[in-house]
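Report on the structure given below.
Protein chains in written order, with my numbering: chain X, 1 to 144; chain B, 145 to 595.
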């Protein structure tokens, strides 16, 4: 088999596997539904990846100002989660903490050490590698 | 604008129905607007049933009422620890298994006032005086020598995420080690501590009761850490009393119009500024009136000509290098079921913007803890308000937080804001006498100090 053809077959298999996974279990299905957030990358916007979805919940929930929490979640699709972060664009600052990330082969992850220290609009950021390129998948939340 | 009470109470009930009563923070996913889309909606005046009209309460909007309620209740309820903001956490010093143990608290209280811990005769209470709300009233404190910073009040310190103006310590006990050893403060040493306590049989016996070990057989380093944990077990009991603001806040919460109207209108106007145009609540939020982190507010940061206080940037470096932080072998494990107390230490990271940042202090008892800021450079609350009113943005380092802009307060507004700040302090000087330490009456001291 030619190398190009082999790569194409592998890519097809990977896509099929992803599809099967998606049919078998919706992204983040195992997460508690009460506070679950789904963020789908549709390829639009600046640097946003296509074909990936991030599902996550804060732990502990609910979101609270100035309390440490973890994000438990799942990345679905043909991507690799590199980093989780958060910032306040309007205030031009991020968190005072750098979260650590632990990944499992099935796309589940735990980001620990987050703390949103003031009320206002925060942007949760997921840096994802798709096809060798790095993208950001963002989700804004308003903290009171 | 004044409003009759029923309107306020109706708004409050609406708040309760929407499920955000008392939460310091509420977040609505989706990035859109929030539980209260009509942020400017005002509570309309309505006649009070069965009472004389009570025009003593301002027309706070539903959003404002929610913000006011988020500053309580006070004192925090330990039972709510798991579900609420940090201020509601149980009063426990992280990494300190002695915290909350009555015998340790009693011994720690005695050590807090013990001058012999220092070769120079300087006790913890030298700079943290009970009669001055556990501060000392000096711009820069003086132990063996003058220091570079102001002594913060120890009231509510147990609820702080970080200790010290630069947050160089992640627990009360690790913070307590620094002044013990600092040659400008108590100038002590592990060996001196051990020798002094061994000379007092009562102390040695108390040590044995708390630790189950003989003091004379302890390694000096263990005596240092043990002493710090004992003192901190006592400091962890120091909680500030209720204030006029708390009475107003709780009156709002329970729908007591008469009690709410006792809160001075000037203070109410100042409160409205604090939670509104002043943006003060962004950093001074929650029941302790602080988010527990650090900020650059354009203060002078030269310690003396040519010497700069690096603030939080230096604090994080010191924390990471400390042999006594929560990641060290000296930290006791958290009780079962409690969250990882070292998560903050593990994840905090210094960046350039931390340079010149200092801890956002809580504001409870603020009127009794002048002078203000990390080096006491502002003598009065009026000066503090003036600082924010005339803020010089060019003094902010790096990009600066966009939260800050000069408030340009009118003289009346400045007076109102000061009036509000005064209501965060329990009235009356009488408590200072009661709080005066008396070694022979530790129970009285402890009872009053933990009100």
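Each residue gets a CB set at the ideal place from its N, CA and C atoms; glycine is no exception.
None of the values given here were measured: they were computed from a predicted structure.
Looking at the backbone, the Cα of residue 345/B and that of residue 454/B are separated by about 44 Å.
The C-alpha of residue 379/B is placed about 10 Å away from the C-alpha of residue 236/B. For residue 369/B, the uninterrupted alpha helix (DSSP H) run begins and ends at 364 to 379, by DSSP. For residue 51/X, the enclosing beta strand (DSSP E) begins and ends at 50 to 59.
Runs of alpha helix (DSSP H) with 4 or more residues, each lying fully within the region 395 to 454 of chain B, are found at 401 to 404 and 409 to 419, listed in chain order. The beta-carbon of residue 490/B is placed less than 8 Å from the nearest beta-carbon of chain X. Within its own chain, the residues whose Cβ lies closer than 7 Å to the Cβ of residue 118/X, once the five positions on either side in sequence are excluded, are 65, listed in chain order.
Take the alpha-carbon of residue 495/B and the one of residue 438/B: they are about 12 Å apart. For residue 485/B against residue 470/B, the beta-carbon gap comes to about 6 Å, under 8 Å, which counts as contact. A distance below 6 Å between beta-carbons, with the five flanking residues on each side excluded, links residue 532/B to the following residues of its chain, in chain order: 551. Look at residue 341/B here: in three-state DSSP terms it is helix. For residue 304/B, no alpha helix (DSSP H) run applies, since DSSP gives it neither H nor E.
For residue 334/B, same chain residues with a beta-carbon under 6 Å away, outside a window of 5 residues either side, are 364, 365, 367 and 368 in chain order.
The region 205 to 270 of chain B is shown to contain whole alpha helix (DSSP H) runs of 4 or more residues at 206 to 213 and 246 to 256, in chain order. For residue 436/B, at least one C-beta of chain X is nearer than 8 Å to its own C-beta.
In the three-state reduction of the DSSP assignment, residue 490/B falls in the helix class, which pools H, G and I. Proximity of residue 424/B to chain X, defined by a Cβ-Cβ separation below 8 Å, is not satisfied. Residue contact check for residue 352/B against chain X: no CB pair falls below 8 Å.
Residue environment analysis places residue 414/B among the buried positions, since at least 16 neighbouring C-beta atoms fall within 10 angstroms of its C-beta. Here residue 90/X carries a helix assignment [DSSP, helix/strand/coil]. With 16 or more neighbouring CB atoms inside 10 Å of its own CB, residue 52/X falls in the buried class.
In this structure, the beta-carbon distance from residue 293/B to residue 284/B falls below 8 Å. A check of alpha carbon separations from residue 337/B across 304/B, 372/B and 355/B identifies 372/B as the nearest. When DSSP states are grouped into helix, strand and coil, residue 519/B belongs to the coil group.
Of all residues in the region 35 to 68 of chain X, the ones placed with a Cβ closer than 8 Å to any Cβ belonging to chain B are 35, 37, 60, 62, 63, 64, 65, 66, 67 and 68, in chain order.
Around the Cβ of residue 298/B, a 10 Å sphere holds 16 or more other Cβ atoms; the residue is buried. Counting along the chain, residue 504/B sits inside no beta strand (DSSP E), nor does DSSP assign it H or E at all. For residue 142/X, the secondary structure class from DSSP, reduced to helix, strand or coil, is strand. Straight-line measurement puts the Cα of residue 73/X at about 10 Å from the Cα of residue 59/X. The CB of residue 430/B comes closer than 8 Å to the CB of 65 and 66 in chain X, given here in chain order. Taking a beta-carbon distance threshold of 8 Å, residue 427/B counts as an interface residue toward chain X. Around residue 432/B, the same chain offers 231, 300, 303, 506 and 508 as residues with beta carbons nearer than 7 Å, after the five sequence neighbours per side are excluded. Contacts with chain X at 8 Å (Cβ-Cβ) do not include residue 302/B. What residue 112/X touches in chain B, judged by beta-carbon distance under 9 Å, is 484, 487, 490 and 491, going in chain order.
Annotation for residue 259/B: 265 and 267 place their beta carbon closer than 6 Å to its own, counting only its chain and skipping 5 residues before and after.
Under the 10 Å beta carbon count, residue 115/X is surrounded by 16 or more other beta carbons and is classified as buried.
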